[in-house]
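Participant: If you scroll down you'll find the structure; I have some questions about it.
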Amino acid sequence: MVYSRGGPKGQSHSSKVVRSTKEEKGKRRVSNENPGLLADFERISMALASDETTRICNHCDRPIPSSNIDLHYAHCVRNLEKCKVCGDMVPKKHAQEHFLNTHAPVACSLCSETMEREILAIHKGENCPQRIVTCEFCEFPLPAIDLAEHQEVCGNRTELCHLCNRYIRLRERYNHESRCSGVAENVGSSRDVRAAEREQGAQRRQPPEYSRRRLLFTIAITGIAVLLGSLFFQKKTETSQVH
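Start counting the sequence shown at 11; every next residue gets the next number (our numbering).
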């Protein structure tokens, strides 16, 4: 065997020449023995030579080896269908199932709103008005649609600050705790506030003078009415006995 100056490259080149010569001899032998096989031989040779090339399937848009494109296309068109929503290729017999399980609108179990299945989890976790949330003041669980009204009332409740002994609204508690300077500065004022509140409560509990007079007058009228009713009933009873 003859080698060129390129060493291994020369060996490769000479191998190609030898292989090409053998293929030509094979073609001539096939042509001489059975001319009908020559076309098949050439077709197989072309398919082997094009194994590295690909073509795009017009049905599924996937790259397919050129030697298999015809067989693939026939199988692809017969068995696969492109989803009109997501573009995925799905078996034709499962196309309806794919749509129902993946894209068909579904109703939220909390608020009955209809939406795409893909956003159902986000809706339930973030947007559903009937999702359960907790009040930031009392941690009571309630539907999100009622949260604002509940916190408006709950935030106005008061609790005693153990640092300054003052009653602070819950909505102001965090800001107050960051500013509160302790017991020494606020005990006197808080006591004055509580004393004033007790005094106002006592004043509200004392009934006015005219209310007492009205009460006595009502009692007197009621007593007279009861007395007259008793006399009338007694007289009627005596009359019935005489007859």
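All residues carry an ideal CB built from backbone N, CA and C; glycine is no exception.
Can you tell me the Cα-Cα spacing of Ile79 and Ala105, whole angstroms?
Facilitator: If I take the Cα positions, the gap works out to 24 Å.
Participant: What are the start and end residues of the alpha helix (DSSP H) that includes Ile79?
Facilitator: Ile79 to Asn89 is the extent of the alpha helix (DSSP H) around Ile79.
Participant: Using the Cα positions of Val143 and Gly135, report the straight-line distance between them to the nearest angstrom.
Facilitator: Using only the alpha carbons, I get a separation of about 10 Å.
Participant: What beta strand (DSSP E) runs, 3 residues minimum, are completely inside the segment 112-171?
Facilitator: Those beta strand (DSSP E) runs which fall completely within the segment 112-171 and span 3+ residues are 142-144, 151-153 and 168-170.
Participant: Between the alpha carbons of Pro75 and Cys93, how many angstroms are there, rounded?
Facilitator: About 24 Å.
Participant: Below 7 Å between beta carbons: does that hold for Cys121 and Cys138?
Facilitator: Yes, they are a contact pair.
Participant: For Cys174, does the count of other Cβ atoms within 10 angstroms reach 16, so buried, or fall short, so exposed?
Facilitator: By the 10 Å Cβ count, Cys174 comes out buried.
Participant: Measuring alpha carbon to alpha carbon, tell me which of Pro115, Phe227 and Gln140 ends up nearest Glu128.
Facilitator: Among Pro115, Phe227 and Gln140, the Cα nearest to that of Glu128 belongs to Pro115.
Participant: Nearest-angstrom Cα distance between Val236 and Leu225?
Facilitator: Their Cα atoms are separated by approximately 17 Å.
Participant: Express the C-alpha separation of Glu126 and Met99 in angstroms, rounding to a whole number.
Facilitator: Using only the alpha carbons, I get a separation of about 20 Å.
Participant: In the DSSP assignment, find the unbroken beta strand (DSSP E) run with Arg183 in it and report its ends.
Facilitator: Careful: Arg183 lies outside any beta strand (DSSP E), inside the alpha helix (DSSP H) at Arg183 to Arg189.
Participant: With H, G and I counted as helix, E and B as strand and the rest as coil, what does DSSP make of Lys94?
Facilitator: Note: Lys94 maps to coil in three-state DSSP.
Participant: Mind checking Ser77: buried by the 16 CB within 10 Å criterion, or exposed?
Facilitator: Label assigned to Ser77: buried.
Participant: In terms of alpha-carbon separation, which member of Asn111, Ala131, Thr63 and Gly97 lies closest to Ser7?
Facilitator: Nothing about residue 7 can be read from this structure; the chain reaches only from 11 to 253.
Participant: Suppose the cutoff is 6 Å on Cβ atoms and the five residues either side in sequence are ignored; what does the same chain contact list for Leu157 look like?
Facilitator: These residues qualify, in order along the chain: Val143.
Participant: Rounded to whole angstroms, what's the CA-CA distance from Val95 to Val87? Just pull it up for me.
Facilitator: Those two C-alpha atoms are separated by around 19 Å.
Participant: Give me, in chain order, the residues of the same chain whose beta-carbon lies closer than 8 Å to that of His82; leave out the 5 immediate sequence neighbours on both sides.
Facilitator: Around His82: Cys67 and Ile74.
Participant: Expressed to the nearest angstrom, what Euclidean distance is found between the alpha-carbon atoms of Arg179 and Gln161?
Facilitator: C-alpha separation (whole angstroms): 12 Å.
Participant: Could you give the distance in angstroms between the alpha-carbon of Ile155 and the alpha-carbon of Gln140?
Facilitator: The straight-line gap from Cα to Cα measures roughly 6 Å.
Participant: What is the residue span of the beta strand (DSSP E) that Thr64 lies within?
Facilitator: Taken as a continuous stretch (DSSP letters only), the beta strand (DSSP E) holding Thr64 covers Thr64 to Ile66.
Participant: So is Tyr83 in contact with chain C if we call contact Cβ pairs under 7 Å?
Facilitator: This model lacks chain C altogether; it includes just one protein chain.
Participant: Check each candidate in Cys145, Arg176 and Pro153 and name the one with the smallest Cα separation from Gly165.
Facilitator: Considering only alpha carbons, the answer is Cys145.
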